[in-house]
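> Under the working numbering, the residue at position 144 of the sequence shown is numbered 144, and the numbers go up by one with no gaps. By construction, the Cβ of each residue, glycine as well, lies at the ideal position given by its N, Cα and C atoms. Supplied in structure tokens, the structure appears directly below.
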Amino acid sequence: MNDQQLLRYGRHILLKEIGIEGQQYLLDSCALVIGLGGLGSPAALYLAASGVGKLLLCDHDTVEFSNLQRQIIHRTSTIGQTKVASAQAALHDINPEVECVPLDIRADATKLRELVAQADIVLDCSDNFDTRYAVNAACLEHRKPLVSGAAIQFDGQVSVFDFRSEEAACYNCLFPEDSVASELRCATTGVFAPLTGIVGALQAAESLKLIAGIDRGLSGKLLTINALDMQIMRSKLTRDESCRVCGPK
Ligand SMILES: [Zn+2]
């Protein structure tokens, strides 16, 4: 690490749980961020500010006026640009050391398999179940840790599936694909802006700790947040032995 880096990341290096070694892990790592919306915005900002060396940014949307209420990585001046280009510019402004790879594509199963293989950690910041199941399957296949987040109305959740362990439950154990009720989307139901910030920041926090080798937090757990009463609950995930995705084939 050079003097500039020691200065930039000094407040992390001062933490005994991170230190020089943990910061070096961050600098050497690659994170895949799927979705640059309400959750991906704060998540990517914190990963870049913290010096995660390489960010693969995946989203196929363009920035719209109605996004700006919560998607804080984007600007009024970037309306009409692809979200990945808009995000890349904002991240470069904060930390030009971080290599951002903008991927203006829809994350389908084939593409995800290829992208997950390149990453050390995956943040699912998407807004639909199809993507979530595809991300889960790809992370399980490549045994990469997955930090999953969701937010709708005043309710949010974060969970960590650390597939480096054979015992880890998967997203499908938690929400089996065939039992998911009709999808709520914030376009029609609304979402409280700071809730997306809370959930996205939690995803960044869990990801940074996983990369830095800190074995404490939400691994194998589900955190739920109700931002109306401001109640936060944590529960343990149990693996479904008959899960169609991670169970016996
Ligand atoms: Zn499972």
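1) Does any heavy atom of ligand 1 sit closer than 8 Å to the C-beta of A169?
2) Could you name the residues of the same chain whose beta carbon sits closer than 7 Å to that of K236, not counting the 5 residues immediately before and after it, in chain order?
3) Can you determine whether any heavy atom of ligand 2 sits closer than 8 Å to the C-beta of R106, and answer yes or no?
4) Hey, would you say R239 sits closer than 9 Å to T224, going by beta carbons?
5) Please state whether DSSP places N95 in a helix, a strand or coil.
6) Please check the pair I121 and V98, which I expect to be a contact at CB under 8 Å, by giving their CB distance rounded to whole angstroms.
7) Starting from S86, follow its DSSP beta bridges and name the residues at the other end.
8) Tell me the start and end of each unbroken beta strand (DSSP E) in the region 104-138 that is at least 3 residues and wholly inside, in chain order.
9) Let me check understanding here. Comparing Cα to Cα, which of A193, A138 and V191 lies closest to N172?
10) In the DSSP output, which residue or residues are listed as bridge partners for D155?
11) Please work out which residues of its chain come closer than 6 Å, Cβ to Cβ, to G197, disregarding the five sequence neighbours upstream and downstream, and give them in chain order.
12) Roughly how many whole angstroms lie between the Cα atoms of V116 and Q24?
13) Using 10 angstroms around the beta-carbon of E241, count the other beta-carbons present and answer buried if the total reaches 16, otherwise exposed.
14) Since I believe L112 is in contact with A44 (beta carbons under 8 Å), could you give me their beta-carbon distance rounded to a whole number of angstroms?
15) Using 10 angstroms around the beta-carbon of T131, count the other beta-carbons present and answer buried if the total reaches 16, otherwise exposed.
16) Less than 8 Å between C-beta atoms, sequence neighbours within five positions excluded: which residues of the same chain meet that for A119?
17) The beta strand (DSSP E) spanning V33 covers which residue range?
18) If the criterion is Cβ atoms closer than 9 Å, does the pair G35 and R70 meet it?
19) Can you check whether the CB of S159 is closer than 9 Å to the CB of L123?
20) Are there any heavy atoms of ligand 1 lying less than 8 Å away from the beta-carbon of G220, as far as the coordinates show?
21) Is the CB-CB distance between A87 and C100 below 9 Å?
22) Can the beta-carbon of V52 be found less than 9 Å from the beta-carbon of S207?
23) Examine ligand 1 and report whether any of its heavy atoms sits within less than 8 Å of the Cβ of D130.
Well, looking at it:
1) Locating residue 169 in the sequence shown gives position 169, counting from the first residue. Answer for A169: yes, Cβ within range of ligand 1.
2) Counting from one through the sequence shown, the residue named residue 236 turns up at place 236. Result list for K236: G220 and K221, in chain order.
3) Among the ligands modelled here, namely ligand 1, ligand 2 does not occur.
4) In the sequence shown, counting from the first residue as 1, residue 239 sits at position 239. In the sequence shown, counting from the first residue as 1, residue 224 sits at position 224. No, the Cβ-Cβ distance between R239 and T224 is not below 9 Å.
5) As a first step, residue 95 is located in the sequence shown; it is residue number 95 there, counting from the start. N95: coil per DSSP, three-state reduction.
6) Within the sequence shown, the letter at position 121 stands for residue 121. Within the sequence shown, the letter at position 98 stands for residue 98. Taking a contact as a CB-CB distance under 8 Å, the pair I121 and V98 does not count as one, their CB atoms being some 14 Å apart.
7) Locating residue 86 in the sequence shown gives position 86, counting from the first residue. S86 pairs with nothing; no bridge assigned.
8) Runs of beta strand (DSSP E) with 3 or more residues, each lying fully within the region 104-138, are found at 121-124, listed in chain order.
9) Along the sequence shown, read from residue 1 onward, the residue named residue 172 stands at position 172. Of A193, A138 and V191, the residue nearest in Cα terms is A138.
10) Position 155 of the sequence shown holds residue 155. Bridge partners of D155: I152 and N226.
11) Position 197 of the sequence shown, counted from the start, is the residue given in the question as residue 197. Cβ within range, chain order: P42.
12) Against the sequence shown, residue 116 aligns to sequence position 116. Against the sequence shown, residue 24 aligns to sequence position 24. So the alpha carbons of these two residues sit roughly 21 Å apart.
13) Position 241 of the sequence shown, counting from 1, holds the residue named residue 241. E241 is exposed by the Cβ-count criterion.
14) Counting from one through the sequence shown, the residue named residue 44 turns up at place 44. Counting from one through the sequence shown, the residue named residue 112 turns up at place 112. In this structure A44 does not touch L112 by the C-beta definition: roughly 18 Å separates them, more than the 8 Å allowed.
15) Locating residue 131 in the sequence shown gives position 131, counting from the first residue. Of the other Cβ atoms in all chains shown, 16 or more fall within 10 Å of the Cβ of T131; this residue is therefore buried.
16) Locating residue 119 in the sequence shown gives position 119, where the first residue counts as 1. Only residues of its own chain outside the window of five on either side were considered, and among them C30, A31, L32, L56 and K144 have a CB closer than 8 Å to the CB of A119, listed in chain order.
17) Here residue 33 refers to the residue found at position 33 of the sequence shown. Taken as a continuous stretch (DSSP letters only), the beta strand (DSSP E) holding V33 covers C30 to I34.
18) Here residue 35 corresponds to residue number 35 of the sequence shown, with the count starting at 1. Here residue 70 corresponds to residue number 70 of the sequence shown, with the count starting at 1. Using a Cβ distance threshold of 9 Å, G35 and R70 do not count as a contacting pair.
19) Along the sequence shown, read from residue 1 onward, the residue named residue 123 stands at position 123. Along the sequence shown, read from residue 1 onward, the residue named residue 159 stands at position 159. Result no, Cβ atoms of L123 and S159 do not sit closer than 9 Å.
20) Residue numbering aside, residue 220 sits at position 220 when the sequence shown is read from its first letter. No; taking the cut-off as 8 Å, the Cβ of G220 has no heavy atom of ligand 1 nearer than that.
21) As a first step, residue 87 is located in the sequence shown; it is residue number 87 there, counting from the start. As a first step, residue 100 is located in the sequence shown; it is residue number 100 there, counting from the start. Judged by their CB atoms, A87 and C100 are nearer to each other than the 9 Å cut-off.
22) Translated into the one-based positions of the sequence shown, residue 52 becomes position 52. Translated into the one-based positions of the sequence shown, residue 207 becomes position 207. Annotated as proximal: V52 and S207, with beta-carbon spacing under 9 Å.
23) Residue 130 sits at position 130 when you count from the first residue of the sequence shown. At a threshold of 8 Å, D130 does not count as near ligand 1, since its beta carbon sits no closer than that to any of the ligand's heavy atoms.
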